[in-house]
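In the numbering used here, the protein residues as written are 4 to 396.
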Ligand SMILES: [Zn+2]
Ligand SMILES: [Zn+2]
């Protein structure tokens, strides 16, 4: 973050008038999983890119390629010339334009703001710096493609508040967030159509706060009728008054989700093998299969702890169990920490409800509320009670 958020928020706390501050900037690491070695860059409008590398003045180029295979330099190629520097910084000559980035393996993406390109281990380290408002709008479009307008507005406010509350999720890295769901799903400004983008401007600067600080407005796909409490999912330290589980409407609000219920059978031997790989203490002594059962339930039937017995007794949180099995068996198969376990002969049968960690805003629920006429303020209040909606700039 470019601006100390605490100072920003505290300085506004006593003022009733909307502030005139500029939105702080955030730095996002892009495409790390793709490890691009080459990039082709241009602009949306076809106007020039301003390219700055080390010292010296900006180069004005309409198209430019970068090669990051050297260990300590990035090499720029444009119209037959090559220039190598420790890093390059790109921005568009025209305001409101976007930087188009193409790599071999990936479709083109468009980014607002500034793009930094540096070498790292034979590929390009890309960091996008942009105002948090532009970031939140792009996140909302990536997260809730095609959602009704009021749900999208709620998602923008949630994405912005979360970004302000959780800057530094990658400490010591030189950036605030990655572009994956570990932080927030970010595909660049191209994720929004120009018309959608225009419509999202009405909530610029609006932030959900709790006790004058940005609230940690987490969200997930589907609760299937009841959201989870942060303390059941992530432990005592994560407890927040606005992150306590509650019923999600009568219908429920997320009744149109394809993830209301799921079922997965896992061979008992396979399940125990993968648990033993992760927790070697289960190995002593090996006496056939381990036993896996739900030990404690939290709010709404979200699993608080799973007891694994196999030589020793292991208490895993329901979310740890979900993350482990989701990673190995697929996030689209083991979908949430809201499940029951039944042993049937050689298999464990998991019957579950919902998708995601269950804490905060249920995205399918927000869409359901928007379709029934609720506006974004009402949606945010439903999922994050006790918070205030404040215009911080
Ligand atoms: Zn991250
Ligand atoms: Zn829901």
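For each residue, glycine too, the CB sits at the ideal point set by N, CA and C.
Helix, strand or coil at residue i [DSSP, three-state]
i: residue 390; result: coil
i: residue 122; result: strand
i: residue 63; result: strand
i: residue 25; result: coil
i: residue 160; result: helix
i: residue 16; result: With a pLDDT of 35 at residue 16, under the threshold of 50, the modelled position of this residue cannot be trusted; read the value that follows with caution. DSSP places residue 16 in helix when its eight states are reduced to three.
i: residue 324; result: helix
i: residue 80; result: strand
i: residue 385; result: helix
i: residue 197; result: helix
i: residue 360; result: coil
i: residue 132; result: strand
i: residue 435; result: Outside the modelled stretch of the chain, which goes from 4 to 396, sits residue 435, for which no answer is possible.
i: residue 268; result: strand
i: residue 207; result: coil
i: residue 283; result: helix
i: residue 178; result: coil
i: residue 173; result: coil
Paired residues, beta bridge with residue i - DSSP
i: residue 250; result: 229
i: residue 74; result: DSSP, once it has assigned bridges, lists no residue as partnering residue 74.
i: residue 55; result: 92
i: residue 105; result: 43
i: residue 344; result: 353
i: residue 297; result: 309
i: residue 30; result: 132
C-beta atoms of residue i and residue j nearer than 7 Å
i: residue 30; j: residue 178; result: yes
i: residue 254; j: residue 230; result: no
i: residue 300; j: residue 309; result: no
i: residue 161; j: residue 364; result: yes
i: residue 164; j: residue 206; result: no
i: residue 217; j: residue 167; result: yes
Identity of the residue in the options nearest residue i by Cα
i: residue 67; options: 28, 73, 42 and 135; result: 42
i: residue 101; options: 374, 277 and 50; result: 50
i: residue 261; options: 389, 157 and 336; result: 336
i: residue 115; options: 46, 318, 354 and 39; result: 46
i: residue 394; options: 212, 120 and 94; result: 212
i: residue 72; options: 280, 97 and 128; result: 128
i: residue 278; options: 330, 158, 386 and 65; result: 330
i: residue 82; options: 312, 263, 26 and 64; result: 64
i: residue 88; options: 80, 117 and 56; result: 56
i: residue 256; options: 197, 225 and 267; result: 225
- Item | For ligand 2, residues whose Cβ lies under 5 Å from any non-hydrogen atom | 226, 251, 257, 365 and 368
- Can you list every residue whose CB sits closer than 7 Å to some heavy atom of ligand 1, going in chain order? 172, 173, 180, 181, 183, 185 and 186
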